[in-house]
Amino acid sequence: MASSSSSSSCNYEVFLSFRGEDTRETFTSHLYYGLYHKKIKTFIDEDLRRGDEISPTLLNAIQGSKISIIIFSKDYASSKWCLDELVKILECKELNGQTVIPIFYHVHPSEVRKQIGSYKKAFVEHDKRFKKMPEKIQKWRDSLTKASHLSGYESTKIRPEGKLVDTIVKDVVKILDDITASIDFKGLVGINSRVEQIKSLLCIGLQDFRSVGIWGTGGVGKTILAEVIFKQVSSDFDGKCFMANVKEKSERGGGLEQLQKEVLYCLLEETLVLGGPNIRQHMKNRLQRMKVFIVLDDVNNFGQLEYLTEGLVGGLHQFGSGSRVIITTRDKRILEEYNVNHIYQVKGLDYHEALEHFSNFAFKQNHCRTDFIMLSKRAIEYADGNPLALKVLGSFLRLKMKKDWENALDSLKLISKPDIYSVLKISYDELNWSMKNIFLDIACFFKGYDEDYVKSIFYDLYSEYCALDVLVDKSLIIISDNGILEMHDLLQEMGREIVRQESKEKPGKHSRLWDHKDIYHVLNKNKGTNSVKSIFLDLSKIKDINLDRRAFATMTNLRMLKFYVPEYWNVSDMRSRVHFSEDLEYLSDELRYLYWHGYPYTTLPKDFNPDNLIRLCLPYSKVERLWKGEKEAFKLKYIDLHHSQYFIKIPDPLETPNLETLNLLNCVTLPCVPSYIKNFNNLVSLRLNGCKNLRCFPRNIHFGGPIAIDLSSCVKLTEFPEISGKITELNLSGTAIEEVPSSVDSLTDLKILYLRSCARLKILPTSICKLKSLQELSLPHCSKLESFPEILEKMKRLTLIELNSTAIKELPSSIENVEGLEELVLSGCSKLHSLPESLQNLKFLAGINAS
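Residue numbers (our numbering): 1452 to 2302.
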């Protein structure tokens, strides 16, 4: 939790201006924590005031904030730094439109406006001290007067103080939602009038229940409209949930039940387990008392609505008074059948809107170039007002010569009635072979996946795979801020239809197989061909399938094979559903990605050559070792065998020299870690947590590169591993270790050390405080730990110390040497009776949990 001025370059959502001596330990701290708990990034100055001028850190924080909150207290005006802040805040309001909220804390606005009372007294002193700077003093006075006229809060009118804080926080959340919505959807043509029309149907504020259906063709902007409205109004409700892609999510494993869990989590803000009439009725009762705002996006059948609303509260109209529900769909009949209050049809953009929207992508400006006006009119005609088609077509034509425009539009003209798929496909058709394959991979398999994850599989197959910007520029995919590959569902449908057209009657000749019915047919009937490059089978959608040992023999070009269980499925109870009468004989040597949940054999097929294998995932498998004999898997970077309870042999570095990640979570039979583990020069993650038979880690192991090691829940591990090198994270939680050796100070790169629930751990060496890179030290439930070592050197990076439920009796006064400490957890420390006064010297400390 960063609460200080250390991140001057960062932008904040809220800047707090206050007089520290008046309110730092009372109202300001309460307000800060109210904002913090709503995940609002807030700047609060923790430094002592020094120097004559406002610091660059404060200037940057004010300029980078969306909202400034000024807490006018009795002595606010006595601080020249507060007044300088106020001047800067009002400048940002005028120049940048920053939102400014005054809080009159135990002062009346007229005291601030007229500078009377304590404010008059403050300016008497200023007039004496700064008598040679009358212009500066007048600027302070003018700023106080301007600020006092702004809409704000008076502490005397909203009581008690907790209610005042709650009111301010709720309003800040709403303001930020409005700001975010205006930024996110800035430049979307025709959005505002449509939003206002739908909001008029919702009648926000009335205490009845209302539902509105947003209906229209694919790509016309239904989801965007719902998003804008959600961001603008949802903060006024007790609970809110935007459930995107209902159709897509309901078809995954877990289906509607998982969707229902997600909706409940959003509305009630807690994880709930469905099942049992008492629990279900309890949840219904809570929801029936709440005013909620729900968006169910992309609903494609009545059963989805019925299941979600009936299961939650007993029907759509059983939500609490004032609740609102929006449903977006391409099928009007669903809305009519469910008797929503209003149906809003989203129509395509009119000519002028379409021309502006198209120009934004074709010319990177909101108006059309005069020499392209006639060609642009033709393009708009083909797109028929559909925003997605206009975006894709405009992106496709950008930077092209007139002749290229004419050729592209002529090709559309040859189609008697170009539909949206024809318009979208023109951009796909221009791609080269590699980029077409990348697009189809994303459409069929990787929508919603991490960009780097996907690149890692194909980095050397398609030379352009690392240049996904080509698809972004053509508006065929979106890469989110957190690196997730997204794609409009119409473009996904188009990509999958392109694959289906490879052979209309024979799915065994498709390059990609994702539909469980097609896969079942191809595998069960041995209909696969060398055209098949990838198979992704959701095992939760099939019953048992019995395969021939040569089921994959005809698929010699198979590059990806994934037999998986959905993320939310209870995988521990799921037995294997893929069976063979004899040992599997063949897997393609072209395989780059092999994921097989419940793989039924002790090794991979003996004739399988892993030359091209990059990612190997065999969770819950019966594998004991990867292969018999010597193999070369030089490309293999990722091995995941979690919950493979028979696994006993880690592959040799000579076979897999480029291994980066090894996940052996809950491989309970694994007896030891071989000493050659140190020879994996590229290994960055080693997960051995839950390996219950692992008794020791090899001694004197040095890791040359950065690596995170997890040995948690290795219950028979009694000694702290004697390792050295660039270990960045070390987790020994739940082990039987009794001490941390003094040599721990050699782990100079260690950032995170977890020793949670180490029931035998009694003492920590002083040398642990020499770990200059340490950021988190977690020791909860170490029930025999009685003392914390003296901190003899400055520790600037350690931000979190967890000592809850330990037997610790006192903290050393030298705790003040942990300069960057933000959070100290001491709850359940029954033997700890007092805290050292030196904790007050920690300027970053935001909270002590010592209940």
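Using N, Cα and C, we set each Cβ at its ideal position, and we do this for glycine too. Treat the numbers as computed from the prediction; the structure is a model and nothing was measured.
Each residue's CA atom was taken as its position, placing Glu1576 and Thr1618 some 35 Å apart. If you ignore the 5 residues before and after Phe2154, its C-beta comes within less than 8 Å of the C-beta of Lys2129, Leu2134, Ile2174, Ser2175, Gly2176, Lys2177 and Ile2178, all in its own chain and listed in chain order. Taking the Cα positions, Val1616 is about 30 Å away from Pro2287. Residues Lys2202, Ile2203, Arg2248, Leu2249, Thr2250 and Leu2251 of the same chain have their beta carbon placed closer than 8 Å to that of Gln2226, with the five preceding and five following residues left out of the count. If you draw a straight line from the Cα of Gly1754 to the Cα of Leu1875, it comes to about 31 Å.
Judged by DSSP secondary structure, Trp2078 falls outside any beta strand (DSSP E); it is assigned neither H nor E. About 5 Å separates the CB atoms of Asn2268 and Lys2245; that is less than 8 Å, so the two are in contact. Nearest neighbour of Glu2241 by Cα position, chosen from Thr2257, Lys1682 and Ser2289, turns out to be Ser2289.
In the same chain as Ser2265, and ignoring 5 residues on each side of it, the C-beta atoms closer than 6 Å to its own belong to Glu2241 and Ile2242, in chain order.
Per DSSP, the unbroken beta strand (DSSP E) holding Ile1745 starts and ends at Val1743 to Leu1747. If you check the CB distance, Ile1877 and Ala1859 come in under 7 Å.
In the same chain as Leu1719, and ignoring 5 residues on each side of it, the C-beta atoms closer than 8 Å to its own belong to Gly1690, Met1734, Arg1737 and Leu1738, in chain order. Assignment of Gln1796 by DSSP, reduced to helix, strand and coil, places it in the strand class. Cβ neighbours of Asp1969 within its own chain (closer than 7 Å, five residues either side excluded): Pro1958. Closest in C-alpha terms to Glu2180, from the list Val2195, Thr2169 and Leu2012, comes Val2195.
When the five nearest sequence neighbours on each side are left out, the beta carbons in the same chain lying within less than 6 Å of the beta carbon of Ser2208 are those of Ser2184, Gly2185 and His2232, in order along the chain.
If you check the CB distance, His1808 and Leu1841 come in under 7 Å. Per DSSP, reduced to three states, the secondary structure at Gly1485 is helical. With a 10 Å radius around the Cβ and a threshold of 16 neighbouring Cβ atoms, Ser1772 comes out exposed. Boundaries of the beta strand (DSSP E) harbouring Asp2091: Tyr2089 to Asp2091, taken from the DSSP string. Counting other Cβ atoms within 10 Å of its Cβ, Ile1866 stays below 16 and is therefore classed as exposed. Excluding five sequence positions before and after Leu2215, the CB atoms of its chain that fall closer than 6 Å to its own CB belong to Val2191 and Pro2240, given in chain order. With respect to the 7 Å criterion, Ile1552 and Ile1520 are classified as neighbours on the basis of their beta carbons. Only residues of its own chain outside the window of five on either side were considered, and among them Leu2116, Asn2117 and Ser2164 have a CB closer than 6 Å to the CB of Gly2141, listed in chain order. Cβ contact annotation for Phe1987 (same chain, cutoff 6 Å, sequence separation greater than five): Phe1896, Trp1965 and Lys2013, in chain order.
Look at Thr1477 here: in three-state DSSP terms it is coil, with no helix or strand label. Distance from Ile1642 to Val1679 at the Cβ level is roughly 6 Å; contact confirmed, criterion being Cβ atoms closer than 8 Å. Around the Cβ of Glu2273, a 10 Å sphere holds 16 or more other Cβ atoms; the residue is buried. Listed as beta-bridge partners of Phe1693 by DSSP are Val1746. For Ile1993, same chain residues with a beta-carbon under 7 Å away, outside a window of 5 residues either side, are His1967, Tyr1971 and Arg2028 in chain order.
Contact between the region 1540-1559 and the region 1638-1657 is absent, with fewer than three C-beta pairs closer than 8 Å. Residue pairing from DSSP places Pro1553 in a beta bridge opposite Ile1521. Ala2004 has its alpha-carbon roughly 26 Å from the corresponding atom of Pro2102. At the C-beta level, Tyr1570 and Gly1515 stay beyond 7 Å of one another. Closest by C-alpha distance to Ile1996, out of Glu1832, Ser2032 and Lys1984, is Ser2032. CA-to-CA, the gap between Asp2062 and Ser2256 works out to about 51 Å.
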